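Below is one structure, written out as structure tokens; the observations come after it.
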Amino acid sequence: MKLKALFLLGLLSFGSQAETFNVSAISNCIYPPLSNTQVQKGTPILFNLSQGTYTFTLSSNTMYCQGGTGCPIDRVFLQGGMGNARWGATVSSSPTTITVPPTTAAFMAFVSDDSCSNNAGSATIQATKIN
Numbered sequence: 018m019k020l021k022a023l024f025l026l027g028l029l030s031f032g033s034q035a036e037t038f039n040v041s042a043i044s045n046c047i048y049p050p051l052s053n054t055q056v057q058k059g060t061p062i063l064f065n066l067s068q069g070t071y072t073f074t075l076s077s078n079t080m081y082c083q084g085g086t087g088c089p090i091d092r093v094f095l096q097g098g099m100g101n102a103r104w105g106a107t108v109s110s111s112p113t114t115i116t117v118p119p120t121t122a123a124f125m126a127f128v129s130d131d132s133c134s135n136n137a138g139s140a141t142i143q144a145t146k147i148n
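18 is the number of the first residue of the sequence shown in my numbering; add one for each residue after it.
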């Protein structure tokens with residue numbers, strides 16, 4: 018019985034492929050141009066994904082505005098690929114399904130706030146390939 022359980026556990030670990038990406042509430046924050054005329058200080062994180070369907074979630078999140086005493090930042094913007102995130106999607110603690118068409122696709126992820134300089138914390142995006 019123990020051998021069977023170990024075998025099944027091994028199959029599960031190979032059955033799904035997960036990648037993680039870290040997002041900073043400050044350095045990966047982009048000012049929206051409509052509400053703030055300051056020069057954009059943050060940069061998005063950039064990564065590539067191969068063809069498939071992925072479930073995106075924030076597996077950990079300690080991001081807050083106003084130096085950690087204000088509002089929780091509970092979403093990260095995701096844009097890229099030629100699938101359903103081409104024009105943008107959001108990643109939160111609830112799973113979001115993203116499809117990547119038959120080519121490797123470039124993605125970017127970022128936080129947006131009208132005052133990025135007082136944000137605090139970071140989040141981990143987990144992208145689990147489901148097929």
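Built from N, CA and C at the ideal position, the CB exists for glycine as well. From a predicted model like this one, the values you see are computed outputs, not experimental measurements.
- A direct Cα-Cα distance of roughly 44 angstroms separates T86 from P119.
- When the beta-carbon positions are compared, F94 and S44 stay at least 8 angstroms from each other.
- Along the length of the stretch 50-103, whole beta strand (DSSP E) runs at least 3 residues long occupy 62-66, 69-78 and 93-97, reported in chain order.
- Comparing alpha-carbon positions, the option among T79, N101 and G84 lying closest to R92 turns out to be T79.
- Exclusion of the five residues before and after P112 leaves T72 and T74 as the residues of its chain whose Cβ lies within less than 6 angstroms of its Cβ.
- Check the Cα spacing between A126 and each of C82, S139, Q34 and N135: the tightest is with S139.
- Comparing C-alpha distances from T141 to each of Q68, V117 and V40 shows the shortest one belongs to V40.
- As computed with DSSP, C46 is found in a beta bridge with V128.
- In this structure, the alpha-carbon of N65 lies about 26 angstroms from that of A137.
- Pairing A144 with G84, the inter-Cα distance amounts to about 28 angstroms.
- In chain order, T141 and Q143 place their CB closer than 6 angstroms to the CB of T37, counting only its own chain and leaving out the 5 sequence neighbours on each side.
- The bridge partners DSSP lists for S41 are S139.
- By the 16-neighbour rule on beta-carbons within 10 angstroms, P61 is buried.
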